[in-house]
Every structure is written in C-alpha cells, then in structure tokens.
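Asker: One structure, pasted below without further comment.
There are 2 protein chains.
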Amino acid sequence: MSILANDRFIKALSREDVDRTPIWIMRQAGRYLPEYRATRKQAGDFLALCKNKELCCEVALQPLERFELDAAILFSDILTIPDAMGLGLYFEAGEGPKFKKTINNLSDVESLPEIDVHKDLSYVLDAVSLIRYELNNRVPLIGFSGSPWTLAAYMIEGQGSKTFSKAKAMLYQDPTLLHMLLEKITACVINYLVAQVKSGAQVLQIFDSWGGLLSHDSYSEFSLKYLKNIVDKLKLLISEDVPVIVYTKGGGQWLSKIASINCDCIGIDWTTNIGLAREEVGNSVSIQGNLDPSVLLADRQTIRREVKKILMAYGPNNGHIFNLGHGITPDVDPERVKELIHAVHEFSFKSHLRSC
Amino acid sequence: MSILANDRFIKALSREDVDRTPIWIMRQAGRYLPEYRATRKQAGDFLALCKNKELCCEVALQPLERFELDAAILFSDILTIPDAMGLGLYFEAGEGPKFKKTINNLSDVESLPEIDVHKDLSYVLDAVSLIRYELNNRVPLIGFSGSPWTLAAYMIEGQGSKTFSKAKAMLYQDPTLLHMLLEKITACVINYLVAQVKSGAQVLQIFDSWGGLLSHDSYSEFSLKYLKNIVDKLKLLISEDVPVIVYTKGGGQWLSKIASINCDCIGIDWTTNIGLAREEVGNSVSIQGNLDPSVLLADRQTIRREVKKILMAYGPNNGHIFNLGHGITPDVDPERVKELIHAVHEFSFKSHLRSC
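Quick note, the sequences are listed as chains A and B, same order.
Sequence positions in the first sequence follow numbering that gives the first Met the number 0 and run 0 to 355.
Sequence positions in the second sequence follow numbering that gives the first Met the number 0 and run 0 to 355.
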C-alpha cells in the first residue's frame, strides 16, 4: 500500500491504534451537496454521470474538499453489473432504478452473457484509476459492489420494491434457479472487485442492501453464502492486503454469522446497539456505523449527543469506523455534516483517551 | 369467557396444551379474497367499508367461511384514532393512507382533542359487537389498535414513508414534544382497547408496524415504554383474562425486551428464527408467527416444506400460534391459504406427538 497522508481508516480496519475514530459517510458524494447537483445537471442524468470518468472523479472528491473525511469512495451505481449483462438500466425522474429486461426463468438465466469487466465495465475502472490518481494518497479509496442477492433481487423484480415479492417467489418456488443466477452474479462481482483493486481501490465494500428482507435461513443460504464466496476468492486473488467491509442493511440479527465469513469489517445499521454488536462479534472484525441518518435532520446539540452515545457505546476499543447506518439523505443540510464530523473528532479523542 | 367451540387460540396464548397449533392470518379479511373485493366495491371505498358495521362483519367472517381458522379479527383500520382526533384520514386509489392535517409543533399537539371512544369510534365498537354476536362463539374475536409510535409516525408524516424522516426528525430534535404526543395517543389507545373488550373482543393485538425503523435506544424510549403502559393499564382495567399480543415488525433484535413488558404473546416477523426466539424468551410468553408472506406465492410443496420448518423450529413446546410474519398480500391465491392451513394441521399434530 502506498504511503497515505491519512491512514486512520486502514488502521481501524485492522483494529490498530488510531489517534481518533475515522469517519466517512455512505453516499457522501450525493444530492445533499449543491456542487453535486450542479455536476449532475451538467452530466444530463445520473447514468451519464456514472459513465463519465472526469465527472465521477469530480463528485467523488467534492465531499473531501468540504469535510475532513477519512476515506473516499468510488462514485458509481450498485446496478452496473446487471446493466453490463444487458438488462438495460434506466432511471425515471423522481423514481428509483428500473430495468428494461427482467429475469423470470431458466432461459433468462442461461442467456445472461459472461461479461468482461475490463471491457464492459471499463468506465467504472477508469473512474477508479482517475479518482485514485487525483486523491494523491490523501485518504484511501473504497471500491464497491452490490451483493449477489441484492443484484438478483433487482434483476428479477425489474425495479425497487418494498417486499421484492417476485424475487422472493423465485427463492421459495425455484431455489435452484435462483442459485444459478446468484452463481453467475457472484463470479462477476469477484472479477469486478479484483479489477477495481487493480485500478486503484484500497478497500472494498459489498452493499447487501436487501439482505434484511430475507428470513433467517434464507439469509444464510441466498445471501451470506455468496458473500463468503466473494470474500474467500478476494483473499486468494488479491496479493495486497485489501480490507473487505460487508454491510447488510437489516442484518442486526445475524452479526456473528457475518463476522464469521472472514471479512475485515461489518457495517451495521442504526437499529443495532453498537456496544452490543461489539460484544457479540468480539475483536474478530471491525465495525462500521451506525448513526441514524435522520439525526442529521436535527440541530447541532442533538447531533453531538447522538454521536457521543455511539462512541461511548463502542467504548475504548480499536476497530471502529464511524459512519451512518445507511446513506445520507438528500434533505440534509451540509452544515450538519460538518457538525457531525466535528463531534466525531471531539468525542472520539476523549473516548480513546479513556483507553490509555 | 363464554364457552368457545374452538378455544385452541386462547389456550395457546396461555401456553396450555392444545391438540394442534392454532392458526390465524394477519389481514385474513383482505383483498386476496374475491368476496372481500366484492363487498368493498359495494361499500364504495375502504373507509366507507370500515364505517359500516354490517359490511365489516361480513368481511370479518368471510375467511372463516372458507378456511379452518382458529380466530377472527375485527375488520378496521389502524388509523381510526388519528382520524377521530380530526386529522382527516383518506385513501387515494392505489396509494396508502393519508391525513389532511399533520402534527408539526406544540400547538398541533396541544390542540388535539380528547376523544370519547364510545362516541367518536362507536362505529368500530358496533362492528366488534356485531362480529362477536355473529361469530356465536365459534372462535375468539381479536380486537386491535396501532401502537402509539406507529400512530404518531403517521400523524407527523401525514402518510406512509420508507424512512418516516419527519417523525424521526421530531424524535431527535424535540423528544419532549414527541413524548407529549405519545402520552395523548396512549391514553386513547387504552380507552379504545378497553371499549373493544367491553364490546366483545376476547384477545387484543397491538400493531407496532413501524417500531423496526427505530434505533435500539429509541425503540425502548419511544415505542416499548408506551406499549408497556398500555399492557399494564389493560391488566388493571379489564377484569376478565384478555390476552394481549404485541407485534413489532422488525423487532427481532428486541424480543426479550418485548417479552418483559408482561404481554401474553409476541408476534414476530419472518426475519427471526422462531426456535431461537423461543430460546431467547423462554416460556414467559407465547409466540405468534412467522411464515414469510412470500411463501404463499409458491406452490403447495414449498408451502408444506416451509410450514414444517417453522413448526419443527418451534419444537414440541406449548405456546405457538401460527401466523404469517406480516399481513397476507393481495396477490395470493386463496387456494394457497387452504394449503397453508392444511399443512399446519398436518404437521403440528406430528410435532405435538413428539412431545408425548
């Protein structure tokens, strides 16, 4: 790993000593920033932005110009893989992602092409390289992918959904077919993440955004199993030490299972008490999280109180990366983010002192 | 309690011996039934249906005519209380509930009227009486209410929401104001449930549909506290033995806390393994649940397999009421419900034999 000006995030991912708790924010390059909205307007639409490496780089760096963050994250979408597989990702104004084609049966799964990530997703890899170059080792760069289950859920449903009932129907009715689909996606996610590392990503996060919709048993069989395959393969295929973060939204009941797949860090949402999470998983992994994003709609004093609660609950242990429990929402005032970061700086110093 | 032809549900709620696991289905009187859709059409719209006691009675009894269910539930909406408080509940085609007025500040909370449930919600109580009369002690009748937090969340937000960020903003920014609102709602929920019992309800369920959106600490402070107040008061005010079921969707991380408030039964959604839930709460409460509603979109064999899994996971213990982990969805074929109920009958008999 090259010499980073700020390596707090990397150190916290290995449970090493840090001078204070590192912080980054899921969706930190996003609509709550006026400069992001301006760049997006310039790009035309969201997908055009994702496919333009210069603009991706610009928006990835915007939050670092404003705030003292300890990591940058690739700017992209979690649905680039299904799009590259030919499903035709598009966005309608004010709505979530949609696909022109969906996966319904064996022939749909069989006819999904094997993609060449270096060719079909070169626009993402180019963005990784450029962001890494422009970061100039200020902070580490996070690459990412959606989890196989989360990607499969969108590919079957064709769009976001409260229940993903089509995807769930396939899970129960034809588990073999769903496993075939998940195998195909998993192979692609592995290639994609390895390629991101080769292009400059220094940490990887897998977003299992819809894992929390699964039953206890289904989570192990249809999501965690593939997350484990990915982590195992990444550790084999990548010679450098590239930490892997697994974030399952709604996964609070399965933390020790997630910790057992040999990932370096688990991301938790705000429904879990981070102190209890730490007790449950011990020192085997780091923990990333877990402020309720809605706290950022409140005032400075409230933000400070809630930040302090999380730092105190985690206690004077190594291995905490401060983050929200889910992505920052577009209605947040950027000034609140500044207050959040100041509070983490101020109170984590005190909580680390306690461990001396 | 009058002599019930079928008292399995009541017995299971007290962890007494039963010949087989009782079953009822959340939203069993609902859009998946063609006869329900016909009655609703006749009523004009959903609210008109809720306010017509004869039609409420008709739809409440419809699922009992078709299926061997072990309980009936009042047909009503969870938002009747805020509507009676003057917020103006309405439904737009294809969308969820909405309110004309919302709660934003102290003056809004202070000006909420104290309602007289016997007058302002007489249409609900009349429906309870009529359903109870028409049931003629075939099975017990469940009365219900939304939880204070769930009602408050809708009253602040004005409609359903993925994140209920307005309600959450009040929670963090002005907890005192939210507590004032919750106190007012709680007083009303207590009167409402007591009146339902006086009108004929034999079991009560509190639906904390949005409890799972709260952080670990906020759940205790803003939802569970008021659920406990309600359960305590009900036990004081109701002389008969009326079991209370508390169902928090997404509450899987807090089961022992919920069990500790002296309710008779906890409802769990499908993300929790019911065997582990039983281990966690022991024999102190009964457990209701927890088939993933999406299983009903699959075939007979799949339904049978998933029912068996749940019955086996719960094991040969008393105190299980079979149900879905959330309401049945409109896209379910009623024939699948028949298969579900047959499977519960068949396999619960075997699992109870195992305990002999």
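Cβ coordinates follow ideal geometry from the N, Cα and C atoms, glycine included.
Model, not experiment: these values are computed from the prediction.
Just curious, the alpha helix (DSSP H) that L323 (chain A) is in, first and last residue?
Answerer: What you label residue 323 (chain A) is simply residue 324 of the first sequence in a count that begins at 1. No alpha helix (DSSP H) contains L323 (chain A), which is instead part of the beta strand (DSSP E) from H319 to L323.
Asker: Taking any Cβ of chain B, which residues in the region 284-298 of chain A have a Cβ under 7 Å from it, in chain order?
Answerer: D291, S293, V294, L296, A297 and D298
Asker: For a contact defined as C-beta to C-beta under 7 Å, what are the partners of W269 (chain A) on chain B?
Answerer: As a working note, residue 269 (chain A) is residue 270 in the first sequence. Under the 7 Å cutoff, chain B gives S214.
Asker: Buried or exposed for T175 (chain A), please, with buried defined as at least 16 other CB atoms from any protein chain shown within 10 angstroms of its CB.
Answerer: Position 176 of the first sequence, counted from the first residue, corresponds to residue 175 (chain A). Classified as exposed, T175 (chain A) has fewer than 16 neighbouring CB atoms from the shown chains inside 10 Å of its CB.
Asker: What residues are listed by DSSP as bridge partners for T247 (chain A)?
Answerer: Here the question's residue 247 (chain A) lines up with position 248 in the first sequence. Answer by DSSP bridge pairing, in chain order: A:D207.
Asker: Report, in whole angstroms, the separation of the C-beta atoms of I265 (chain A) and I286 (chain A), which I expect to be a contact under 8 Å.
Answerer: Within the first sequence, residue 265 (chain A) is the residue found at index 266, counting from 1. Within the first sequence, residue 286 (chain A) is the residue found at index 287, counting from 1. Indeed, because the Cβ distance is near 6 Å, the residues count as touching under 8 Å.
Asker: Can you pull the chain A neighbours of E305 (chain B), defined as C-beta to C-beta under 9 Å?
Answerer: Looking up residue 305 (chain B) in the second sequence gives position 306. Simply Y171 and S214.
Asker: In chain D, which residues lie less than 7 Å from G251 (chain A) when you measure between Cβ atoms?
Answerer: Although the question refers to chain D, the structure presented lacks it and instead comprises the protein chains A and B.
Asker: Run down chain A in chain order and give the residues with a C-beta less than 8 Å from the C-beta of S330 (chain B).
Answerer: For the purposes of this step, residue 330 (chain B) is taken as residue 331 along the second sequence, with counting starting at 1. It is worth fixing the name first, because residue 330 (chain B) is Asp in this sequence and not Ser. Under the 8 Å cutoff, chain A gives S164.
Asker: Is G326 (chain A) closer than 7 Å to R26 (chain A) when the C-beta atoms are compared?
Answerer: Here residue 26 (chain A) refers to the residue found at position 27 of the first sequence. Here residue 326 (chain A) refers to the residue found at position 327 of the first sequence. Contact: yes.
Asker: Using a Cβ-Cβ cut-off of 7 Å, state whether T359 (chain A) counts as contacting chain B.
Answerer: Given that chain A is displayed from residue 0 to residue 355, the structure contains no residue 359 (chain A) and the question cannot be resolved.
Asker: Between the region 339-348 of chain B and the region 12-28 of chain B, can you find at least three pairs of beta-carbon atoms closer than 8 Å?
Answerer: yes
Asker: For the pair the region 87-97 of chain B and the region 155-162 of chain B, tell me if three or more CB-CB distances fall below 8 Å.
Answerer: yes
Asker: In the DSSP output, what is G274 (chain B) paired with across the bridge?
Answerer: The residue given as residue 274 (chain B) occupies position 275 in the second sequence. Its beta-bridge partners do not exist; DSSP assigns none.
Asker: For H215 (chain B), count neighbouring C-beta atoms within 10 Å of its own C-beta (all shown protein chains included) and say buried if the count is 16 or more, exposed if not.
Answerer: Residue numbering aside, residue 215 (chain B) sits at position 216 when the second sequence is read from its first letter. Buried, since its Cβ has 16 or more Cβ neighbours within 10 Å.
Asker: By DSSP's criteria, I102 (chain B) is part of a beta bridge. Which residues make up the other side?
Answerer: As a first step, residue 102 (chain B) is located in the second sequence; it is residue number 103 there, counting from the start. In the DSSP assignment, I102 (chain B) forms no beta bridge with any residue.
Asker: Applying the criterion that 16 or more other CB atoms from any shown protein chain within 10 Å of the CB defines a buried residue, is E53 (chain A) buried or exposed?
Answerer: Position 54 of the first sequence, counted from the first residue, corresponds to residue 53 (chain A). By the 10 Å Cβ count, E53 (chain A) comes out exposed.
Asker: For chain B, find out if any of its Cβ atoms is closer than 7 Å to the Cβ of A168 (chain A); answer yes or no.
Answerer: Position 169 of the first sequence, counted from the first residue, corresponds to residue 168 (chain A). Yes, its Cβ sits closer than 7 Å to a Cβ of chain B.
Asker: Can you tell me which of the three DSSP states I114 (chain A) falls into?
Answerer: Locating residue 114 (chain A) in the first sequence gives position 115, where the first residue counts as 1. Coil at I114 (chain A), not helix or strand.
Asker: Counting contacts by CB-CB distance shorter than 7 Å, is N272 (chain B) in contact with chain A?
Answerer: For this step, residue 272 (chain B) is matched to residue 273 along the second sequence. Closer than 7 Å: yes.
Asker: Cβ atoms of P81 (chain A) and L150 (chain A): under 7 Å apart, would you say?
Answerer: Taking the first sequence and counting its residues from 1, one reaches residue 150 (chain A) at position 151. Taking the first sequence and counting its residues from 1, one reaches residue 81 (chain A) at position 82. Yes; because the gap between Cβ atoms is below 7 Å, this pair is in contact.
Asker: Please return the same chain residues whose Cβ sits closer than 6 Å to the Cβ of D6 (chain A), not counting the five positions on each side in sequence.
Answerer: Here residue 6 (chain A) refers to the residue found at position 7 of the first sequence. Take D6 (chain A), set aside five residues on each side of it, and no residue of its chain has a beta-carbon closer than 6 Å to its own.
Asker: Going by the CB atoms, is the gap between T185 (chain A) and L120 (chain A) shorter than 7 Å?
Answerer: Taking the first sequence and counting its residues from 1, one reaches residue 120 (chain A) at position 121. Taking the first sequence and counting its residues from 1, one reaches residue 185 (chain A) at position 186. No, they are not a contact pair.
Asker: Give the residues of chain A in contact with G211 (chain B), contact being defined as C-beta atoms less than 8 Å apart.
Answerer: In the second sequence, counting from the first residue as 1, residue 211 (chain B) sits at position 212. Under the 8 Å cutoff, chain A gives T270.
Asker: Cutting at 6 Å between CB atoms, please list the residues of its own chain near M179 (chain A), excluding the five before and the five after it.
Answerer: Within the first sequence, residue 179 (chain A) is the residue found at index 180, counting from 1. Cβ neighbours of M179 (chain A) beyond the five flanking positions: V108.
Asker: Which same chain residues, not among the five before or five after F206 (chain A), have their C-beta less than 7 Å away from its C-beta?
Answerer: On the first sequence, position 207 is the one that residue 206 (chain A) refers to. I77, F143, G145, S146, T149 and Y246, listed in sequence order.
Asker: Give the list of continuous beta strand (DSSP E) stretches no shorter than 3 residues that lie fully inside the region 147-182 of chain A.
Answerer: none
Asker: Report the CB separation of L192 (chain A) from L203 (chain A) in whole angstroms; it is logged as a contact under 8 Å.
Answerer: Against the first sequence, residue 192 (chain A) aligns to sequence position 193. Against the first sequence, residue 203 (chain A) aligns to sequence position 204. Indeed, because the Cβ distance is near 5 Å, the residues count as touching under 8 Å.
Asker: Note the first and the last residue of the continuous alpha helix (DSSP H) segment covering S121 (chain B).
Answerer: For the purposes of this step, residue 121 (chain B) is taken as the residue at position 122 of the second sequence. From DSSP, the alpha helix (DSSP H) with S121 (chain B) extends over S121 to L134.
Asker: When the Cα of G87 (chain B) is compared with those of B:L111, B:A70, B:N104 and B:A71, which residue comes out closest?
Answerer: Numbered from 1 along the second sequence, position 88 holds the residue referred to as residue 87 (chain B). Answer by Cα proximity: B:L111.
Asker: Taking only three categories from DSSP, how would you classify K50 (chain A)?
Answerer: Here the question's residue 50 (chain A) lines up with position 51 in the first sequence. Here K50 (chain A) sits in coil by DSSP.
Asker: Any chance you could list the beta strand (DSSP E) runs of at least 3 consecutive residues sitting entirely within the region 17-91 of chain A, in chain order?
Answerer: Runs of the beta strand (DSSP E) inside the region 17-91 of chain A: 88-90.
Asker: Could you give the DSSP three-state label for Q287 (chain A): helix, strand or coil?
Answerer: In the first sequence, residue 287 (chain A) corresponds to position 288, counting from 1. Strand.
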